Structures are given as C-alpha cells and as structure tokens.
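As structure tokens, the structure follows; a few thoughts come after it.
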Amino acid sequence: SLQFDVTMSRLKNEYSVYADYEKTDYAAARWVTSDDALKMEDFQKKNMMNLAMDTEGNLVYLALSDWRLSHVMEQWPQITFLKTMEKS
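Right, here's the structure in full:
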C-alpha cells in the first residue's frame with residue numbers, strides 16, 4: 002500500500018491530480034477465452050462472483066489466491082487463462 006501512497010502523493014504534488022484507491026483481496030487476474038462456447042458459458046455461470054470485464058469488454062477471472070487460480074485452471078482445461086491481452 003505504501004507504493005500506492007507514494008504514487009498518489011506524486012500525482013497530487015507534481016500534477017495536481019487527486020487520486021484514490023481501494024484495497025482488494027484478489028491476488029491474481031487472468032483474461033479468459035475459449036473456443037468452446039458451451040464450456041465458456043458453463044464457466045461463467047459457475048464463477049460469476051469472480052468475473053469482471055476490462056475496459057475493452059474482455060472477460061477477466063479474479064482469483065483470491067495463486068492456489069485458487071491454479072485449481073480453477075486445472076478444473077477448466079477448455080478455458081484459456083491469459084496473463085496478458087493484446088489491445089485491439
């Protein structure tokens with residue numbers, strides 16, 4: 002959190018920009034895709050509390066821990082979990 006405090010202070014002092022942030026419990030985020038529309042739909046239904054959309058409208062899985070991410074990836078081999086996403 003100190004890193005964010007420093008960034009916010011610099012934004013305020015150097016650029017006169019006021020920023021705020023909220024702590025989150027998520028440990029990892031991965032963009033998710035699949036060639037199997039039915040599996041993707043099932044994945045979304047069963048993981049809706051851990052899904053969000055990025056600013057480009059891409060689906061993102063939010064994991065509470067690295068272990069949980071690994072576990073979900075093992076449970077859903079038909080889903081591709083991406084660390085990075087090409088900007089369109």
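One point on numbering: in this note's numbering, the residue at position 70 of the sequence shown is 71, and numbering is uninterrupted. Glycine is no exception: its CB is placed at the ideal position from the N, C-alpha and C atoms. Predicted, not measured: the structure shown is a model, and the values here were computed from it.
- Per DSSP, Thr85 lies in no beta strand (DSSP E) segment and is marked neither H nor E.
- Counting along the chain, Val7 sits inside no beta strand (DSSP E); it lies in the alpha helix (DSSP H) bounded by residues 3–16.
- Taking a C-beta distance under 8 Å as the contact criterion, Val33 and Leu65 do not qualify as a contact pair.
- Contact between the region 10–19 and the region 47–59 is absent: fewer than three C-beta pairs spanning the two stretches fall below 8 Å.
- The bridge partners DSSP lists for Tyr62 are Arg31, Leu52.
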